[in-house]
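**Q** Dumping the structure here so I can ask a few things about it.
Chains as they are written, first to last, in this note's numbering: chain V, 22 to 796; chain B, 1086 to 1158.
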């Protein structure tokens, strides 16, 4: 079978062009999953030109050390016996550091083919690499390729197939003779079961006192003692520790290889350096960053994206309908204007190539097919299914645009600079520089915001960002804010304009306070994550990878939306339309004698009554308020529409004074009204965002923690607002006032106390790493 | 002890010893920051931290806090 099925592992440093190569040779229609037990991405696909070859893309790593989950996955896979051959992708413009991993991979004894990527750039720089000599030095074939320009790929895979049939190599490169002696001794002590081509790998690992390898080899007690003695002696001789000795030797070998194989053209300033001079300039860096972010936000969220989303929501999916290329829109608008109160009688089809909205079309088709107008099926399909899908798919165009831009910034190398510029600010509250992008995107929509956390490699930082990013008010929460402003002050536009920034401020405060509190809890305990990061050279991304990046992200959302989120939407529709009235359970709107406010009798109302006590300390214990919160889970802008129907102010928007009055009347005090607003802005985001959180966390437990924390935090803030309003404005004092004061004190303590010592010393790094793998 | 964090922007120096332990130390070594390696501090971020260094032909961003484990000449 060996020659019919070949497993190829793709290994290499981050930013070496490995993913570009993977996408090129597999057509990128592979399977993307996770390595068992960890949230490290695992990609697998068949070679386009030969279906018998399976390619596994290993995570981008710098070494095969046992410390990070990515590196552990990679070496476990390499040693698992599955891969027949390894393609070691090397960024030829940075041979020195890239060969460091290559040497380690060669030491595994597997057949290796070294692919010197970015051959075109080497040529452009005027450098010369002697591949024959390099091949001899490394003891394995070396091929020049350019994944971006699709050069040398066929030759590479000819060689890969040849190498796959071979037995693998015993590494050519030799360390200093004193070290080699020790390694020889260790090799002699290895059990006979270790095959010849893997003996050196394990000898080196035992020398480094690599815990995983030691466990795997399981030497007898006396042999282990002898090895330990040898290593200790060597450490004493070299006046250094074992890990440093090996690292030093590897870089020493590389220095020799490079001396002989690489002829460098005289150094001149690269384009990348020129760009960086300006972009991360001490003075210009921040302003440039602000401008770029503003542009991204402005295009994706405010103007173009907003327009497209409105179009999808109101015209394509809604009841408005649309004109092909906008022809006839003006004439129609003029006619509606002229008709005044009789606007409904104007037929839009008369004014141009008109296409009705999907809701209208489905509704008409259903009625034509004999379904009762406004009946059960009509409502389920139009309001529940099409409406729900519309609410979700409305975000797709906006997300698409956003990801086109963010993926570009990421692929070209700017994101690493963003982290460089913003790190100082964000690490103060337990986040990293890369957390900024998700926060910014979340002010448009939390779904792409949470998805943007994908670029944060560190798991702790990523989880923390996912948990806090939806605190930032998104576009769909703006109607709630407008409704609140109207209800409190009776004006949503001019004089009350200061309230809206206040809620953004609340969101930012929530992020910072949460960061400060959470980083001191057991959940995020441990050493602060080191932030040592390569700043890759700028380059224009491969269109293919870029497009794929965008597609992967949008598709992940659509898939989620089509399943979980969609189901939840239908459930909420069911809850609010079904219930018992006059002793009979059924579809409420078609029941006999049911009043206009049929929701009073719905399952949602019953449920609302059941849990309303939770919100009593916040000042709103009516089932309506609870029902509004639940409807906000489908989509936050639903809160306003639901308020309209619950309060029987039909067809009222957030700018309608009659809705303001009715809404304000729902609450006993202004404090309760604001508390309700704050709770709804901060509590669990909509189903779409929750689904994305689940996706991003890749863990039910962490999703529950995130949502639970958000709701609890929102509740506490709501409590503060209501109780302190009662105390300070109304002079009321009660048991809940005491609770609020105690909670406030606890919160302030957690925010301002120093980092607890136990968090640092509790677990050592190795424990953390192995726990991450076994979790 | 002079550390990497003390080197001024635009200046070059050589690593004498890597202190610290565990994952961070190994990561720095893997990235090529070992005894005898020369490097140049290219720039400092607009807010004063982290710093960018050029080492072994590539650019690396490192916080001053972490740079403190790297002893230099």
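Ideal placement from N, C-alpha and C gives every residue a C-beta, glycine not left out. Being a predicted model, the structure only gives us computed values, none of them experimental.
1. Find the residues of chain B that neighbour residue 306 of chain V, judging by a C-beta separation of less than 8 Å, and give them in chain order.
2. For residue 399 of chain V, collect the residues of the same chain with a Cβ closer than 6 Å to its Cβ; drop the 5 residues on either side in sequence, then sort them by chain order.
3. Step through the CB atoms of chain V and report whether any lies within less than 9 Å of the CB of residue 1089 of chain B.
4. Can you list the residues of chain B that residue 86 of chain V reaches, using a CB-CB cut of under 9 Å?
5. Compare the C-alpha of residue 775 of chain V against each of V:598, V:227, V:539 and V:754 and name the closest.
6. Give the secondary structure of residue 254 of chain V by DSSP, where H, G and I count as helix, E and B as strand, and everything else as coil.
7. Report, in whole angstroms, the separation of the C-beta atoms of residue 486 of chain V and residue 456 of chain V, which I expect to be a contact under 8 Å.
8. Helix, strand or coil: how does DSSP classify residue 311 of chain V here?
9. Determine the chain B residues that contact residue 272 of chain V at a beta-carbon separation under 7 Å, and present them in chain order.
10. Under 7 Å, CB to CB, which of the residues in the stretch 439-459 of chain V have a partner in chain B?
11. Would you say residue 1142 of chain B faces chain V, with C-beta separation under 9 Å as the test?
12. Since residue 116 of chain V contacts residue 267 of chain V with CB under 8 Å, what's their CB separation in whole angstroms?
13. Where does residue 284 of chain V fall in DSSP's three states?
14. For residue 1146 of chain B and chain V, any beta-carbon pair shorter than 9 Å?
15. How long is the line joining the alpha carbons of residue 78 of chain V and residue 43 of chain V, rounded to whole angstroms?
16. For residue 1143 of chain B, tell me which candidate among V:103, V:136, V:89 and V:35 has the shortest Cα-Cα distance.
17. Rounded to whole angstroms, what is the Cα-Cα separation between residue 324 of chain V and residue 695 of chain V?
18. Report yes or no: is there a C-beta of chain V within less than 9 Å of the C-beta of residue 1122 of chain B?
19. Are the C-beta atoms of residue 432 of chain V and some chain B residue less than 9 Å apart?
20. Go ahead and pull the three-state DSSP assignment for residue 375 of chain V.
21. Does any C-beta atom of chain V lie closer than 9 Å to the C-beta of residue 1083 of chain B?
22. List, from N- to C-terminal side, the beta strand (DSSP E) runs of 3 residues or more that fit wholly inside the stretch 89-160 of chain V.
23. So is residue 1137 of chain B in contact with chain V if we call contact Cβ pairs under 9 Å?
24. Please report how far the alpha carbon of residue 754 of chain V lies from the alpha carbon of residue 646 of chain V, in whole angstroms.
25. For residue 230 of chain V, return the contacting residues in chain B, with the cut-off set at a CB-CB distance below 7 Å.
26. Less than 6 Å between C-beta atoms, sequence neighbours within five positions excluded: which residues of the same chain meet that for residue 780 of chain V?
27. Taking Cβ positions only, does residue 137 of chain V come closer than 9 Å to chain B?
28. Give the residues of chain B in contact with residue 551 of chain V, contact being defined as C-beta atoms less than 8 Å apart.
29. Would you mind stating whether residue 489 of chain V and residue 453 of chain V have Cβ atoms separated by less than 9 Å?
30. Taking contact to mean 3 or more Cβ pairs, one atom from each stretch, closer than 8 Å, check whether the stretch 375-382 of chain V and the stretch 568-582 of chain V are in contact.
31. Could you give the C-beta distance for residue 624 of chain V and residue 596 of chain V, rounded to a whole number, given that I count them as a contact under 8 Å?
32. What is the DSSP secondary structure of residue 758 of chain V, reduced to helix, strand or coil?
33. In terms of DSSP beta bridges, what is residue 33 of chain V paired with?
34. Using a Cβ-Cβ cutoff of 8 Å, what residues of the stretch 255-287 of chain V are near chain B? List them in chain order.
35. Between the stretch 72-98 of chain V and chain B, which residues of the former have CB atoms less than 8 Å from a CB of the latter, in chain order?
36. Using the DSSP secondary-structure output, state which residues sit across from residue 77 of chain V in a beta bridge.
**A** To lay it out plainly:
1. Within the first chain, residue 306 of chain V is the residue found at index 285, counting from 1. Correct list: 1130 and 1131.
2. Counting from 1 along the first chain, the entry for residue 399 of chain V is found at position 378. Only 387 and 392 meet the Cβ criterion.
3. Counting from one through the second chain, the residue named residue 1089 of chain B turns up at place 4. Not closer than 9 Å to any Cβ of chain V, the Cβ of residue 1089 of chain B fails to qualify, so no.
4. Position 65 of the first chain, counted from the start, is the residue given in the question as residue 86 of chain V. Within chain B, the residues near residue 86 of chain V are 1108, 1111, 1112, 1114 and 1115.
5. Stepping through the first chain from its first residue, residue 775 of chain V is reached at position 754. When each option's Cα is compared against that of residue 775 of chain V, the closest is V:539.
6. Counting from 1 along the first chain, the entry for residue 254 of chain V is found at position 233. In the structure shown, residue 254 of chain V sits in a helix (DSSP, three-state: H, G or I).
7. Translated into positions along the first chain, residue 486 of chain V becomes position 465. Translated into positions along the first chain, residue 456 of chain V becomes position 435. Right, their Cβ atoms sit about 4 Å apart.
8. Indexing the first chain from 1 puts residue 311 of chain V at position 290. If DSSP states are grouped into helix, strand and coil, residue 311 of chain V belongs with the helices.
9. Residue numbering aside, residue 272 of chain V sits at position 251 when the first chain is read from its first letter. What residue 272 of chain V touches in chain B: 1117 and 1119.
10. 441, 442, 444, 445 and 446
11. As a position in the second chain, residue 1142 of chain B is number 57, starting the count at 1. Taking Cβ atoms only, chain V reaches closer than 9 Å to residue 1142 of chain B, which makes this a yes.
12. Working through the first chain from its first residue, we reach residue 116 of chain V at position 95. Working through the first chain from its first residue, we reach residue 267 of chain V at position 246. Not quite, the Cβ-Cβ distance comes to about 20 Å (not below 8 Å), so this is no contact.
13. Numbered from its first residue, the first chain carries residue 284 of chain V at position 263. Strand at residue 284 of chain V.
14. Counted from its first residue, the second chain places residue 1146 of chain B at position 61. With 9 Å as the cut-off, residue 1146 of chain B counts as an interface residue toward chain V.
15. By one-based count along the first chain, residue 78 of chain V stands at place 57. By one-based count along the first chain, residue 43 of chain V stands at place 22. When rounded, the distance between both Cα atoms is 7 Å.
16. Position 58 of the second chain, counted from the start, is the residue given in the question as residue 1143 of chain B. Nearest of V:103, V:136, V:89 and V:35 to residue 1143 of chain B, Cα basis: V:35.
17. Within the first chain, residue 324 of chain V is the residue found at index 303, counting from 1. Within the first chain, residue 695 of chain V is the residue found at index 674, counting from 1. When rounded, the distance between both Cα atoms is 30 Å.
18. Taking the second chain and counting its residues from 1, one reaches residue 1122 of chain B at position 37. True, the Cβ-Cβ gap to chain V drops below 9 Å.
19. Taking the first chain and counting its residues from 1, one reaches residue 432 of chain V at position 411. No, its Cβ sits nowhere closer than 9 Å to a Cβ of chain B.
20. Here residue 375 of chain V refers to the residue found at position 354 when the first chain is read from its first residue. Reduced to three states, the DSSP call for residue 375 of chain V is strand.
21. Since the displayed chain B opens at 1086 and closes at 1158, residue 1083 of chain B lies outside it and no answer follows.
22. 106-112 and 133-138
23. The count along the second chain starts at 1 and reaches residue 1137 of chain B at position 52. Judged by the 9 Å Cβ criterion, residue 1137 of chain B is in contact with chain V.
24. Sequence index remark: in the first chain, residue 754 of chain V carries index 733 (1-based). Sequence index remark: in the first chain, residue 646 of chain V carries index 625 (1-based). When rounded, the distance between both Cα atoms is 24 Å.
25. Numbered from 1 along the first chain, position 209 holds the residue referred to as residue 230 of chain V. Within 7 Å Cβ-Cβ: nothing; residue 230 of chain V doesn't reach chain B, min ~12 Å.
26. Position 759 of the first chain holds residue 780 of chain V. Unreliable placement is indicated for residue 780 of chain V, whose pLDDT of 46 sits below 50; no coordinate value is reported for it.
27. Taking the first residue of the first chain as 1, we reach residue 137 of chain V at position 116. Not an interface residue.
28. Locating residue 551 of chain V in the first chain gives position 530, counting from the first residue. The contacting residues are 1108, 1109, 1112, 1148 and 1151.
29. Working through the first chain from its first residue, we reach residue 489 of chain V at position 468. Working through the first chain from its first residue, we reach residue 453 of chain V at position 432. No, they are not a contact pair.
30. no
31. Walking along the first chain from the start, residue 624 of chain V turns up at place 603. Walking along the first chain from the start, residue 596 of chain V turns up at place 575. Between residue 596 of chain V and residue 624 of chain V the Cβ distance is about 5 Å, and since that is below 8 Å, they are a contact.
32. Walking along the first chain from the start, residue 758 of chain V turns up at place 737. Helix at residue 758 of chain V.
33. Your numbering for residue 33 of chain V matches position 12 in the first chain. DSSP output for residue 33 of chain V lists V:110 as bridge partner(s).
34. 261, 264, 265, 268, 269 and 272
35. 83, 84, 86, 88 and 89
36. The count along the first chain starts at 1 and reaches residue 77 of chain V at position 56. Partner(s): V:30 and V:65.
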